[in-house]
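Notes follow once the structure below has been shown.
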Amino acid sequence: NGRFYMFGNGGHAGEALDDPTRIAQRDAALRIGFAVAQTNTGHDARKEPGATFVLSNPQKAIDYAYRAVHLTVITAKAVIEDYYGRKVNKSYWNSCSNGGRQGLIEAQRFPDDFDGIVANAPWLDQTGFTVGAIWNQKALSQAPLTPGKMALVADRVMAKCDAVDGLKDGLIDDPRKCDLDPARDVPSCSPGTDNDSCLTPAQAAAIAKVYRGPVSNGKPFFPGFEPGSEAVMPNLFGGGTGSGWVNAIISSQPDQKSADFSLAENTMRYLVFKPPTPDYDCMTFDFDRDIHLLQEWSKLADAKNPDLSKFRKRGGKLLMTYGWADAILQPGMGVNYYEQALAKNGPSTPEFFRLFMVPGMAHCSGGIGCDQFDAMTAIINWVEKGEAPDSILAKRVVDGQVLRTRPLCPYPKVARYTGKGSIDDAANFRCVTP
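Numbering-wise, the numbering used here puts 192 at position 116 of the sequence shown, and it's gapless, one number per residue.
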């Protein structure tokens, strides 16, 4: 169809190109006529897990940070032109998590590579996330939480926050609007007791720290996680507890590390430190004195440059999404970047860059919200027809049945019920500025 499609990597990359999930995404694009390319960024995670790939060749850190995707684009376009006898007409990127970061890196550093970029839940500030994950681990190690306690917290969060947006529908439209205090709004354990029906003062304080995010020298350093992320990802990292924080932010077993802390630990040990320091203990990290350690890796890997003027000038379009209930990456990371881009590129920024926040959606997909939507058609229509997406239809599907539809709205707009008809039908909602 004259179009080139590329998708990226999760975590520290290195996925097998024959992984079933990657084959599925590749084949879906091939079926509708795209030419498709992908990369593992130059290493095989089955042989070099986490970020240990730098031990065999330090240059792989640069490949992972930004170089591999760009070189793959150049090579793929050359192969396509040679095979078909004509240049690619339009090029598109669509990926999530680290793949979202890679998409933003492309827009910021290599603006000519893609005409349209969909960056879902981008891990755009790896170093900020790393500090945040260590912050959470330190806080929670002093006050361990059980899956039962997280289910309790999730129930109380929903009771407190659901109707703040004016509609009690099992979704929290914007959790920042909810005044939640774990010590006040979740039952407290009486002295000498500790069970799943209550929180100890230390546990309530630890949860509040996770919501608040890390502080350095008395100032907020990075966003925390949002209320509503506690119990929406039962299966992403194993475990059937129903708690979004379990396995992602807190460990389900004493001898296991959470997914977030494992990512942070690998980043610190193998990518931040040069040479790598495999025995570095992240629990010794000092939030007032050690932030500078991450500066060099930030320059290589973080995708937080708000200046998108070159991408805009070449006619590029950028669509970013984030789930408000993400328990792997902090949604505030995406919101902050969009607001910084808006400040840098001016009030006309929505002409080429729009952010869509998804209530109740977990990391990339899943959760309790309407997590299934077609961002690719939206970006293609924007690039090729000039039709900017004023809303995107999203669905909540369970066992093949569509249970609910909602419009996703370009931030800062939110979906508001018109007051008539089913609250499970997108036709009865409008995107409005709160």
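Cβ coordinates follow ideal geometry from the N, Cα and C atoms, glycine included.
Is the distance from the Cβ of Q135 to the Cβ of A379 below 8 Å? Taking 8 Å as the Cβ cut-off, Q135 and A379 do not qualify as a contacting pair.
Assign H368 to buried or exposed, taking buried as 16 or more other Cβ atoms, counted over all protein chains shown, within 10 Å of its Cβ. H368 comes out exposed.
Of the residues I193, I150 and D94, which one's Cα is nearest the Cα of M396? Taking only the C-alpha atoms, the option nearest M396 is I193.
Please determine, among R480, A104, D103 and W199, the residue with the shortest C-alpha to C-alpha distance to G86. Closest by C-alpha distance to G86, out of R480, A104, D103 and W199, is W199.
Supposed close pair L347, A137 - CB separation, criterion 8 Å: The pair is a contact, with the Cβ atoms about 6 Å apart (cut-off 8 Å).
Using the rule of at least 16 other Cβ atoms within 10 Å of the residue's Cβ for burial, across every protein chain shown, is L131 buried or exposed? Looking at its Cβ environment, which holds fewer than 16 other Cβ atoms inside 10 Å, L131 is exposed.
Measuring only between beta-carbons, confirm whether F505 sits less than 8 Å from chain C. Of the protein chains in this structure there is only one, and it is not chain C.
Quick one: give me the first and last residue of the beta strand (DSSP E) that M234 is part of. Careful: M234 lies outside any beta strand (DSSP E), inside the alpha helix (DSSP H) at P223 to C237.
Using C-beta distances below 8 Å, list every residue in its chain close to E157, excluding the 5 sequence neighbours before and after it, in chain order. Shown here for E157: same chain residues with a beta carbon closer than 8 Å to its own, the five before and five after excluded, namely K163 and V164 in chain order.
Short check: CB of Q114 to CB of A377, under 8 Å? Not in contact: Q114 and A377 (Cβ atoms no closer than 8 Å).
K166: first and last residue of the uninterrupted beta strand (DSSP E) it sits in: It spans K166 to C172 - the beta strand (DSSP E) in which K166 sits, taken as one unbroken run.
Are A127 and T343 touching if we call contact CB-CB under 8 Å? Cβ atoms of A127 and T343: closer than 8 Å.
Find the nearest neighbour of N170 within the set L216, V112, G204 and A154, judged by alpha-carbon distance. The shortest C-alpha separation from N170 is found at V112.
Which residues does DSSP list as the beta-bridge partners of G483? It is worth fixing the name first, because residue 483 is Pro in this sequence and not Gly. DSSP lists L469 as partners of P483.
Assuming the contact rule is C-beta atoms closer than 8 Å, E460 and K153 should be a hit. Round their C-beta distance to whole Å, please. Contact flag wrong, Cβ pair sits at about 18 Å.
What's the call for V233, buried or exposed, on a 16-neighbour Cβ count within 10 Å? Buried.
Where do the ends of the alpha helix (DSSP H) carrying I99 lie? Unbroken alpha helix (DSSP H) run through I99: P96 to R107.
Below 6 Å CB to CB, which residues in the same chain sit around D249 once its five sequence neighbours on both sides are set aside? Closer than 6 Å at Cβ, skipping near neighbours: D241, P435 and V490.
Neighbourhood of K350 by C-beta, 8 Å cutoff - its chain only, sequence neighbours within 5 removed: Cβ-Cβ distances below 8 Å link K350 to P134 and E372 in the same chain, with the five nearest sequence neighbours on each side left out; the list follows chain order.
Have a look at the DSSP bridge pairing and note the partners of N457. Answer is none; N457 lacks a bridge partner.
Is there contact between the stretch 323-332 and the stretch 384-399, where contact requires at least three CB pairs shorter than 8 Å? Too few Cβ pairs lie closer than 8 Å, so no.
With C-beta atoms as the reference, is F205 less than 8 Å away from L405? Yes, the pair counts as a contact, with Cβ atoms nearer than the cut-off.
On the criterion of 16 or more Cβ atoms from any shown chain inside 10 Å, does R480 qualify as buried, or is it exposed? Flag for R480 reads buried.
Closest Cα partner of P382 within the set P407, A417 and L370: Among P407, A417 and L370, the Cα nearest to that of P382 belongs to A417.
In whole angstroms, what separates the C-alpha of K386 from that of A235? Distance between the alpha carbons of K386 and A235 is about 46 Å.
Below 7 Å CB to CB, which residues in the same chain sit around L469 once its five sequence neighbours on both sides are set aside? If we look at L469 and ignore the five residues flanking it on each side, its Cβ neighbours are F449, T481, P483 and A502.
For A335, tell me which candidate among Q213, L228 and P290 has the shortest Cα-Cα distance. Q213 is the residue among Q213, L228 and P290 whose C-alpha sits nearest the C-alpha of A335.
Please say whether E306 and M226 have beta carbons closer to each other than 8 Å? Yes, Cβ-Cβ distance for M226 and E306 is below 8 Å.
From R365, K333, T117 and A209, pick the residue whose C-alpha is nearest to that of A144; which is it? The residue with the shortest Cα to Cα distance from A144 is T117.
Which residue or residues does DSSP assign as beta-bridge partners of A491? Among the bridge pairs identified by DSSP, A491 is matched with C507.
Where does V348 fall in DSSP's three states? Helix at V348.
Given that a residue counts as buried once 16 or more other Cβ atoms are within 10 Å of its Cβ, and exposed if not, what is K444? For clarity, residue 444 is Ile in the given sequence; the question names Lys instead. Buried, because 16 or more other Cβ atoms sit within 10 Å of the Cβ of I444.
Since F363 and V286 are thought to touch, with beta carbons under 8 Å apart, how far apart are those beta carbons, to the nearest angstrom? That belief does not hold up - the Cβ atoms of F363 and V286 are roughly 14 Å apart, past 8 Å.
Which residue marks the beginning of the alpha helix (DSSP H) containing I150, and which one marks its end? For I150, the uninterrupted alpha helix (DSSP H) segment begins and ends at A144 to Y160.
Does the beta-carbon of L312 have 16 or more other beta-carbons within 10 angstroms, so that it is buried, or is it exposed? Low local confidence applies: a pLDDT of 40 at L312 is under 50, so the model's placement there is unreliable, with the coordinate-based value given in what follows. Looking at its Cβ environment, which holds 16 or more other Cβ atoms inside 10 Å, L312 is buried.
In the DSSP output, which residue or residues are listed as bridge partners for I283? The bridge partners DSSP lists for I283 come to none.
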